[in-house]
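Quick note, the sequence shown lines up with residues 5 to 83 if you use my numbering. All residues carry an ideal CB built from backbone N, CA and C; glycine is no exception.
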Amino acid sequence: MNYKQTHDLMKKAVPLARKMEGDWNIRMSIALRSVTIDHLLGLPFSKDTIHRLLQKGVSYRRICKNYGVYHRDVTAILQ
5 MNYKQTHDLM KKAVPLARKM EGDWNIRMSI ALRSVTIDHL LGLPFSKDTI HRLLQKGVSY
65 RRICKNYGVY HRDVTAILQ
């Protein structure tokens, strides 16, 4: 990620964190994670993208629904 992409993610995460209740650090962490996952889901279907999504804790089900593929397709691309 370059500076502009990071800046855009933060611009989306801060208003989302302000809508939540609780400790600011926790709210910002949750909002940034959510915005990052949404950004990654917008990228094309590739081995690198799938690997990064799985590292962020996104389920196979959500990946399959987002890209319109089956679980076996995701596991095949990772091998």
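Looking only at its chain, what residues have a beta carbon closer than 6 Å to the beta carbon of residue i, apart from the 5 residues adjacent to it on each side?
i, result
"Leu45", "Asn70"
"Phe49", "Tyr71"
So is residue i buried or exposed if we call it buried at 16+ other beta carbons inside 10 Å?
i, result
"Leu57", "buried"
"Ile54", "buried"
"Ile67", "buried"
"Ala80", "exposed"
Kindly list the residues whose CB is nearer than 8 Å to the CB of residue i, restricted to its own chain and excluding five residues on each side of it in sequence; keep chain order.
i, result
"Ala17", "Met32, Ala35, Leu36, Ser38, Val39"
"Cys51", "According to the sequence provided, residue 51 is Lys. The question's Cys does not apply to it. Result list for Lys51: Ile81, Leu82, in chain order."
"Leu20", "Ala35, Ser38, Val39"
Please check the pair residue i and residue j, which I expect to be a contact at CB under 8 Å, by giving their CB distance rounded to whole angstroms.
i, j, result
"Lys60", "Ile41", "6 Å"
Who are the Cβ neighbours of residue i in its own chain at under 7 Å, not counting the five residues just before and after it?
i, result
"Val78", "Ile54, Tyr64, Ile67, Cys68"
Taking the alpha-carbon positions, what's the residue i to residue j distance?
i, j, result
"Gly26", "Lys8", "29 Å"
"Leu82", "Tyr74", "13 Å"
"Arg76", "Trp28", "40 Å"
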